[in-house]
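A quick write-up on the structure given underneath.
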Amino acid sequence: SFGWTQYHTLEEIYDFLRDLESRFPDNVKVVKGGESYEGRDILGVHVSFNKANENNAIFIEGGIHAREWIGPATVTYMLNEFMTSTDSRVRNIAESHDWYIFPSVNPDGYVYTHARDRMWRKTRQPYGFCVGADPNRNWGFHWMEGGASNNPCLETFAGSKAFSEPETKSLADYIESINKKLVGYIAFHSYSQLLLIPYGHTSQHLENYDELYRIGLKGAKALEKHYGTKYTVGNIVETIYIASGGSMDWVKGEFGTRITYTYELRDTGRHGFLLPAEQIIPTGEETLDSLVTMLEEYQK
Ligand code: 0X9
Ligand code: ZN
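For the sequence shown, mature numbering (1 follows the signal peptide of the UniProt record, and there is no 0) assigns the number 92 to the initial residue and increments by one for each residue that follows.
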């Protein structure tokens with residue numbers, strides 16, 4: 092059965108989503124957020140406990156980079172807690188929002204990391220002799236304005252144009268269709284233990300940077316309490332490097348969605364992308380607490 096002591100395949104994750112829908116038919120609906128180059132569905136769930144929360148929705152994105160397996164694992168962990176936790180703080184945050192949760196938005200890449208190359212990052216659309224674009228450089232907001240390459244053989248290839256990848260194009264259309272309901276967009280990557288605030292093309296601070304920074308620090312503090320895991324909070328350019336064309340940046344730039352963060356989950360490099368499965372549950376616990384804490388803060 093599905094659990095968090097091992098990493099799962101795409102089909103196992105999708106079965107978990109369908110299973111949740113059958114266990115909670117009044118609250119969980121499996122939704123198609125788009126389609127991949129190889130024709131796979133990008134599946135997620137829409138979770139709703141109360142029609143009144145319709146316009147208080149949080150979008151959760153995992154797995155845009157194929158090899159960052161702790162992303163989908165943490166996202167499914169949190170989703171399961173939203174449905175089953177008896178902790179009053181988790182219940183309150185879960186039930187006071189609608190959720191659009193997509194654990195694995197680069198399904199071709201994820202399947203490829205299981206079948207062929209554990210370290211694959213990109214999509215799987217061919218470009219001449221090389222394959223794939225970086226789906227976190229392919230979104231149409233300040234596309235190709237730094238930290239992105241026009242060489243299809245590199246890991247940060249931005250695609251032949253903005254939204255050249257079916258995954259980003261179809262998911263963007265889906266997000267656009269629900270954008271008025273969204274108050275938050277949170278992306279999960281690994282690794283480096285960072286909580287990143289837009290944008291990735293400029294170190295200039297956003298209108299609500301100070302709010303996001305203040306809330307982010309509270310989240311990082313809550314996260315650290317569990318296992319001592321330390322996170323750095325800040326603007327993308329100031330904290331890691333220039334990276335234009337990311338999904339969160341497009342959502343923020345296009346719709347002005349208020350709460351926007353990108354997590355870079357565990358660890359800081361000892362295991363890197365190959366984070367041992369024993370760390371899924373601790374990562375899930377600490378990350379969930381940080382998210383709950385930030386959403387509590389935001390509501391104040
Ligand atoms: O380079 C990236 O896309 C992210 N780091 S990773 O090691 N997971 O590849 C950083 C995210 C930058 N995010 C945005 N610009 N939105
Ligand atoms: Zn990543």
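All residues carry an ideal CB built from backbone N, CA and C; glycine is no exception. In this text the structure is predicted, and so the values were computed from the model without any measurement.
Which whole-angstrom value describes the C-beta separation of residue i and residue j, a residue pair presumed to lie in contact below a C-beta threshold of 8 Å?
i: residue 226; j: residue 155; result: 5 Å
i: residue 346; j: residue 270; result: 4 Å
i: residue 265; j: residue 307; result: With 8 Å as the limit, residue 265 and residue 307 do not qualify as a contact, their Cβ atoms being about 26 Å apart.
i: residue 246; j: residue 294; result: The pair is not a contact, with the Cβ atoms about 23 Å apart (cut-off 8 Å).
i: residue 189; j: residue 147; result: 6 Å
i: residue 163; j: residue 198; result: About 10 Å; that fails the 8 Å criterion.
i: residue 165; j: residue 378; result: 5 Å
i: residue 109; j: residue 121; result: 6 Å
i: residue 206; j: residue 214; result: About 15 Å; that fails the 8 Å criterion.
Could you say which of the options lies nearest to residue i if we only look at CA atoms?
i: residue 236; options: 379, 335, 380; result: 335
i: residue 183; options: 193, 192, 172; result: 172
i: residue 141; options: 210, 359, 118; result: 118
i: residue 252; options: 158, 134, 267, 218; result: 218
i: residue 234; options: 317, 261, 254, 169; result: 254
i: residue 374; options: 313, 303, 115; result: 313
i: residue 178; options: 222, 238, 383, 388; result: 383
i: residue 151; options: 138, 144, 158, 145; result: 138
For residue i, is the beta carbon positioned less than 6 Å from some heavy atom of ligand 2?
i: residue 159; result: yes
i: residue 280; result: yes
i: residue 156; result: yes
Any idea what DSSP makes of residue i, helix, strand or coil?
i: residue 137; result: strand
i: residue 128; result: coil
i: residue 248; result: strand
i: residue 205; result: helix
i: residue 278; result: strand
i: residue 190; result: strand
i: residue 270; result: helix
i: residue 399; result: The requested residue 399 does not occur in the structure, where the chain is confined to residues 92 to 391.
i: residue 217; result: strand
i: residue 354; result: strand
i: residue 342; result: helix
i: residue 148; result: strand
i: residue 222; result: strand
i: residue 120; result: strand
i: residue 285; result: strand
i: residue 375; result: helix
i: residue 324; result: strand
i: residue 240; result: strand
Given 6 Å as the limit, tell me if residue i has its C-beta closer than that to any heavy atom belonging to ligand 1.
i: residue 358; result: no
i: residue 233; result: no
i: residue 167; result: no
i: residue 327; result: yes
i: residue 337; result: yes
i: residue 307; result: no
i: residue 291; result: yes
i: residue 164; result: no
i: residue 334; result: yes
i: residue 204; result: no
i: residue 214; result: no
i: residue 353; result: yes
i: residue 189; result: no
Relative to ligand 4, is the shortest distance from any of its heavy atoms to the C-beta of residue i smaller than 6 Å?
i: residue 227; result: No copy of ligand 4 appears in this structure; the ligands present are ligand 1 and ligand 2.
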